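Structure record follows, encoded as structure tokens.
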Amino acid sequence: MVMLRRRRGSDGKKPENSQPQSDDNKEKRSDESEGKSDSNFENLNLRLKSAKKSRKKWSCVDSCCWFIGCICSMWWFLLFLYNAMPASLPQYVTEAITGPLPDPPGVKLAKEGLKAKHPVVFVPGIVTGGLELWEGHSCAEGLFRKRLWGGTFGEVYKRPLCWVEHMSLNNETGLDPPGIKIRPVSGLVAADYFAPGYFVWAVLIANLARIGYEDKNMFMAAYDWRLSFQNTEVRDQTLSRIKSNIELMVATSGGKRVVVVPHSMGALYFLHFMKWVEAPAPMGGGGGPNWCAEHIKAVMNIGGPFLGLPKVLTALFSAEARDIAIARAIAPGILDKDVFGFQTLQHVMRMTRTWDSAMSLLPRGGETIWGGLDWSPEEGHECNSKKKNGNGQTTHNRTLDLANFSRVKYGRILSFGKDVAQLHSSEIERVEFRVTFRPTSLIYLGAIKGSNLASIANTTCRDVWTEYHDMGIGGIKAVADYKVYTASSMLDLLHFVAPKMMKRGGAQFSYGLADDLSDKKYDHYKYWSNPLETKLPNAPDMEIFSMYGVGIPTERAYIYKLSPGAECFIPFQIDASAEGGVEGHCLKGGVYSVDGDETVPVLSAGFTSAKIWRGKTRFNPSGIRNFIREYNHAGPTTLLEGRGTQSGAHVDILGNFALIEDIIRVAAGATGEDIGGDQVHSDIFKWSERIKLRL
Amino acid sequence: MSSVLRFRKLCFLEPTKYSAYDEKTKDQKNYENVNTALLENKPKQKHQKKPPKEWRCIDSCCWMVGYLCTTWWLLLFLYHCLPANLPGLQVPEPPGTRLSRQGLTALHPVVMVPGIVTGGLELWEGRACSEGLFRQRLWGGSFTEIFKRPMCWLEHLSLDNETGLDPPGIRVRAVPGLVAADYFAPGYFVWAILIENLARIGYEGKNMYMAAYDWRLSFQNTEVRDQALSRLKSKIELMYVTNGYTKVVVVPHSMGVIYFLHFMKWVEAPPPMGGGGGPGWCAKHIKSIMNIGPAFLGVPKAVGNVLSAECKDVAFIRAMAPGLLDSEIFGLQALEHVMRVSRTWDSIISLLPKGGDTIWGDLDWSPKKIIRGFQVQESTKYGRIVSFGKAASELHSSEISGLGSQVYLHNATSPQSLASCGKVWTEYDEMMRRAEAHFSHGIADNLDDPIYNHYKYWSNPLETKHGDLQSIWSRIPTERSYVYKVSSSGRCKNIPLQIDSSADGSRNGCLKGGVYFVDGDESVPVLSAGFMCAKGWRGKTRFNPSGIATYVREYKHKAPANLLEGRGLQSGAHVDIMGNIALIEDVLRVAAGASGVELGGDRIYSDIMKMSEKINVRL
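Residue numbers (full-length UniProt numbering), protein chains in the order written: chain A, 1 to 695; chain B, 1 to 619.
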């Protein structure tokens with residue numbers, strides 16, 4: 001203090017000479033006047049000072065160090081305690097609180113004497129499989145054979161642009177960009193945990209291991225889920241690999257056929273595989289017409305989106321669905337905040353649009369399946385049917401009223417404006433420009449597209465490749481003017497807004513509904529993953545299970561609006577302000593929902609097994625038996641349960657004890673009848689009835 | 001926390017106040033009346049003194065810890081900020097990059113066969129004590145479980161005494177995939193460097209395969225329990241087809257060499273016992289085999305060690321966790337426990353007889369012996385190798401020494417080592433008896449059993465199916481490159497010395513002498529590694545009737561020049577050689593399609609040829 005003051009005094013000698021001096025004097029005088037006690041005090045201080053020389057050094061830095069030291073020591077201490085803790089302590093605690101836990105199904109069934117019998121093949125779905133880097137640009141140095149997808153996603157934070165660049169595929173070919181090789185992680189580790197602590201297959205694997213499964217009779221058919229199905233074979237020979245592994249497992253387990261457990265998109269992938277493996281060699285695997293019959297015992301699809309997902313439409317349309325990247329859920333901050341500059345969503349959209357596989361999930365079958373302007377199979381679904389049970393009569397009446405007065409028109413998958421979504425079709429004024437942007441009449445496109453937006457937008461916007469910039473303001477307006485889109489016109493819309501992507505996708509996937517399955521054209525691989533355009537293999541002894549969760553509202557139709565600042569942003573977005581108004585209305589935050597497992601609507605997961613594959617039909621000529629197993633969702637009752645043992649959510653269902661038990665029983669040799677045949681909670685059969693289809 | 005903070009604040013403000021006063025006291029220079037002042041200020045002083053007192057102990061500790069942590073983080077941060085290649089710290093270009101610039105691309109699929117110990121093992125089913133370890137590595141990785149629950153760990157890693165398979169209720173399996181043996185422990189590479197360099201010329205998961213197997217089992221048991229051989233066969237066939245019908249290049253390391261030898265015999269044998277691939281399978285699918293540090297003739301060091309008490313691989317554990325085995329974590333009988341566990345590992349036991357039976361059994365003209373005879377026979381042969389090695393190394397280190405001295409040494413050491421090694425074997429018998437007394441007679445059975453089984457197993461293909469063996473060699477129109485390394489002198493000394501600390505004192509004479517004189521790569525003597533290629537298989541012999549091309553490539557050991565190089569770019573040590581640039585380049589070139597002649601044929605630094613000459617074998 002004094003030092004400071006003195007220096008100041010000497011600095012400003014000339015002008016303020018008198019003032020500081022007088023100050024000093026005053027101080028001295030006051031000190032003196034304060035008398036001896038004070039001076040004594042000073043002396044004491046002096047003595048103390050000599051003893052406290054080291055103490056004097058305590059400054060801000062030191063206290064920081066002290067603080068950090070404190071925290072570190074504490075942390076280590078806790079860590080030590082945690083490590084010293086017996087591993088079974090959490091379980092004791094849990095049991096003390098909630099009572100004894102039920103045995104995991106593996107333990108229970110092992111006590112019943114079940115033994116590993118049929119080899120098991122897992123087919124992971126989209127997003128859940130890990131991807132690792134094998135070759136990259138210079139920005140990805142040091143990441144060789146490190147996971148870019150899955151794990152901790154640390155790189156997203158460290159070098160976001162580099163990450164996006166490496167995760168994207170080539171825009172034209174749908175394969176690797178030059179100089180970059182991202183490959184799926186192989187083995188069970190590929191998809192046991194998606195991120196640390198977030199299990200995918202791990203629980204199922206652990207339970208299977210209890211009855212004697214191990215690496216030699218479990219196989220994770222990991223594939224690069226970004227590629228189109230046929231391209232996984234072209235680039236990585238993944239399908240050949242799966243075939244060879246299945247053959248090996250059948251051979252080494254003494255001729256026991258395998259049980260295949262696909263999850264999510266894996267169900268479509270495996271459908272593709274079954275067609276591929278029996279097709280003749282150049283395009284297929286050359287396994288001969290009986291390969292499936294000889295090698296596969298059962299296919300147990302978990303939440304398979306056979307008919308596609310409405311949410312994928314919006315994901316591709318405006319990168320907005322809740323789930324196209326679980327990444328969003330995992331790291332909610334990054335995608336919404338502006339890590340990538342200010343165009344996070346554009347970057348994500350650019351990346352996801354290069355992933356062909358997303359297009360395998362587009363709704364198939366068009367209006368026949370998903371409903372037209374004025375009808376839909378799920379019509380009359382009550383969104384709060386759950387609550388009705390609890391609340392008794394009054395609510396019941398109200399929901400009935402509600403259902404009468406505004407039946408949700410699910411057929412309109414996307415509508416601009418809430419009012420439009422509810423009007424009768426005759427009342428909607430649609431600017432009929434459908435003709436103009438049908439892919440068949442691309443000539444007119446130029447006219448509609450009008451002036452190029454990219455020329456207006458500044459250069460930073462152009463860095464981000466989205467095809468909206470080619471579309472022009474006219475095009476955007478035209479899209480909005482059409483007002484209501486059904487499943488099939490949505491496809492046209494996507495052709496309009498993202499022609500390159502759809503062209504690539506069109507070569508790999510098909511979304512139609514076959515009239516004549518024996519048509520030669522259906523031998524092409526692009527039809528193989530569409531259950532509406534393929535025949536099941538000739539394997540009468542095989543069984544197909546459709547297992548999925550129900551009881552969670554699932555996205556089905558959307559209300560859109562034009563986003564205000566359409567210059568640098570994606571011009572369309574979900575109108576989150578659109579609410580149903582009444583409690584329990586199916587419309588929430590601009591999204592109409594139906595029954596499902598949060599990702600896959602019941603219709604998509606169950607329709608094939610409920611109708612087109614049931615009995616001997618033209619889709620299922622050999623009469624493969626089909627079973628529907630629905631699992632009612634019940635959330636975890638306490639926090640200690642983690643993600644729940646009775647969950648019906650799309651990924652969490654893999655930890656559902658009932659489902660695991662079913663799988664283990666089948667793997668140990670049971671048939672569909674043995675485990676109880678169909679188990680249905682939803683209205684899937686009723687809804688399937690409404691869909692008019694020649695069988 | 002807040003209270004702590006407040007307290008901290010108090011203490012923190014005090015000293016600055018003092019400093020302000022201190023300045024003035026200098027002016028006043030009044031040191032009188034201190035006592036009275038102390039008295040007067042007693043209450044005040046107490047108030048002030050209290051907090052500083054606290055500073056002394058815990059706080060300064062905390063301060064220290066915090067200081068260290070902060071410095072550490074700062075350094076870490078700086079390290080991360082460091083540009084990857086500092087000037088002056090130039091890391092030489094990896095061979096993969098250089099070769100890919102020369103236009104080499106992936107051609108032949110590569111199969112890697114790891115050796116003993118380097119492959120990871122994970123738990124699939126265990127006792128109650130191993131809870132929470134499901135699918136965690138028990139072997140490889142950080143080995144934390146050794147420290148946490150040593151007894152449990154040992155129990156799970158040992159195999160059944162009688163069968164050599166899993167004990168009831170325990171399933172420990174090999175980690176599959178490339179991760180099985182890319183790194184043995186964090187930072188301790190095994191295959192990682194080779195994989196990385198292969199990736200630079202275009203290899204990826206689809207054309208590389210790590211033939212991971214449970215290295216504790218005897219080779220045939222890997223097929224019986226895990227179908228590992230069938231798996232390997234199917235993988236090679238798959239890669240052969242999916243890569244456009246190009247043959248595979250096999251790169252086995254250490255014990256993997258013998259494993260693959262086993263595989264080649266197995267795959268062509270008819271189904272019940274073999275893989276049923278038919279006589280042309282190897283010729284059709286395999287381009288070349290590049291053995292790295294092969295132990296064809298066994299590991300003399302191990303002859304002394306493996307069967308007796310602590311094998312070189314347990315010595316390896318020692319290297320990994322130095323304090324562990326010597327300190328008495330397991331109670332009083334650390335070594336006994338280790339011995340018990342390692343004795344249940346058939347593969348270690350089989351490592352030697354394999355040398356003895358396949359190779360030496362053939363060198364001998366009457367391979368069919370009873371077990372006891374076999375042991376004796378082993379010892380004499382062992383002695384012979386030692387003497388040759390001694391002679392060779394003597395020649396190596398002192399080149400001036402004439403032939404006479406060499407012969408003298410040869411003559412002198414031969415009987416000596418024979419004697420000492422005989423002692424080893426008798427000692428071994430004693431060990432057996434002792435073991436019997438110490439544990440149970442089951443162990444004697446155990447040791448006898450595997451040897452017997454093994455012997456039987458390996459003598460069968462060599463003798464009863466000798467014609468079959470001929471057909472394998474004769475029908476492979478491929479070349480074989482044999483790669484191994486030479487260290488210039490008896491560096492091996494170090495390891496035996498380490499083993500010296502084991503319980504058995506009398507064994508050391510042979511050990512020290514035996515390994516000391518052998519030119520080799522710390523684990524495998526040069527003779528063992530190179531003899532088959534230098535002589536046994538060279539040209540048209542009865543072991544190689546069709547004259548498959550064989551090459552010997554030796555790599556001179558050069559220790560890392562500085563610490564920054566890590567384990568060395570030109571190392572020749574048994575495992576470190578996997579990071580040797582010259583070796584990697586050879587492997588890459590062969591994988592990209594080169595033949596042995598294009599590589600430059602033989603490259604020999606040691607006296608392998610001369611040593612081989614000395615061995616009288618009918619070819």
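Think of the CB as a built atom: it goes at the ideal place given N, C-alpha and C, for glycine as much as any other residue. All of these numbers come straight from a predicted model, not from anything done at the bench.
Residues are counted here when their Cβ sits less than 7 Å from a Cβ of chain A; for the segment 108-135 of chain B these are Trp124, Glu125, Glu131, Gly132 and Phe134, given in chain order. The alpha-carbon of Cys129 (chain B) is positioned some 11 Å away from that of Ile170 (chain B). Phe270 (chain A) and Ser510 (chain A) have their C-alpha atoms spaced approximately 16 Å apart. Cβ contact annotation for Gly669 (chain A) (same chain, cutoff 6 Å, sequence separation greater than five): Lys117, in chain order. Counted as a single uninterrupted DSSP element, the beta strand (DSSP E) harbouring Asp595 (chain A) occupies residues Val591 to Gly596. Counting only residues of its own chain and dropping the five nearest sequence neighbours on each side, Arg614 (chain A) has a CB closer than 7 Å to the CB of Asn626. Proximity of Leu238 (chain B) to chain A, defined by a Cβ-Cβ separation below 8 Å, is satisfied. Contact annotation: the segment 203-214 of chain B does not touch the segment 60-77 of chain B, with fewer than three C-beta pairs closer than 8 Å.
Counting C-beta atoms within 10 angstroms of its own C-beta, His262 (chain B) has 16 or more neighbours from the protein chains shown and is therefore classed as buried. At least one CB atom of chain A sits nearer than 8 Å to the CB of Glu196 (chain B).
Residue-level contact check: Trp66 (chain A) touches chain B, since one or more beta carbons of chain B fall below 8 Å from its beta carbon. Interface flag for Tyr67 (chain B) against chain A is set, since a Cβ pair is found closer than 8 Å. Here Asp595 (chain A) is buried: its Cβ has 16 or more other Cβ atoms, across all protein chains shown, within 10 Å.
Using a Cβ-Cβ cut-off of 8 Å, Asp519 (chain A) does not count as an interface residue toward chain B, since no Cβ of chain B sits closer than that to its own.
Taking a C-beta cut-off of 7 Å against chain B, the contacting residues of the segment 214-235 of chain A are Glu214, Asp215 and Lys216, listed in chain order. Close to chain A, meaning a Cβ-Cβ distance shorter than 9 Å, are the following residues of the segment 147-168 of chain B: Lys148. Inclusion of Val277 (chain A) and Gly287 (chain A) in the CB contact set at 8 Å is warranted, their separation being smaller than that value.
With a 10 Å radius around the Cβ and a threshold of 16 neighbouring Cβ atoms, Lys146 (chain A) comes out exposed.
According to the DSSP assignment, Val234 (chain A) belongs to the alpha helix (DSSP H) that extends over Phe229 to Asp236. Between the segment 289-298 of chain A and the segment 538-549 of chain A there are three or more C-beta pairs closer than 8 Å, enough to call the two in contact. In the displayed model, Asn580 (chain B) falls within coil according to three-state DSSP, outside both helix and strand. For the C-beta of Thr242 (chain B), the chain A residues within less than 8 Å are, from N- to C-terminus, Gln237, Ser240 and Arg241. By the neighbour-count criterion, in which 16 or more other beta carbons inside 10 Å mark a residue as buried, Tyr245 (chain B) falls on the exposed side.
The continuous stretches of alpha helix (DSSP H) do not include Phe134 (chain B), and DSSP gives it neither H nor E. The three-state reading of DSSP puts Ala507 (chain A) in helix, counting H, G and I together.
Inter-residue distance for Met290 (chain B) and Leu131 (chain A) is about 31 Å (C-alpha atoms, whole angstroms). Against chain A, the CB of Lys265 (chain B) has no partner CB under 8 Å away; the residue lies outside that interface.
Ser138 (chain A) counts as exposed, since fewer than 16 other beta carbons sit within 10 angstroms of its beta carbon. Boundaries of the alpha helix (DSSP H) around Tyr240 (chain B): Ala228 to Thr242. By a beta-carbon distance limit of 8 Å, Arg135 (chain B) contacts Glu122 (chain B). Their separation comes to about 5 Å. For Ile684 (chain A), there is no enclosing beta strand (DSSP E); the enclosing alpha helix (DSSP H) covers residues Ile684 to Arg690. Contact between the segment 165-179 of chain B and the segment 186-200 of chain A is present: three or more C-beta pairs spanning the two stretches fall below 8 Å. The C-beta distance from Thr645 (chain A) to Asn656 (chain A) rounds to 7 Å, short enough to fall under 8 Å. A direct Cα-to-Cα measurement between Val420 (chain A) and Asp515 (chain A) gives close to 33 Å. Taking a 10 Å sphere around the C-beta of Gly132 (chain B), we find fewer than 16 other C-beta atoms and assign the residue as exposed. Taking the Cα positions, Leu588 (chain B) is about 7 Å away from Gly96 (chain B).
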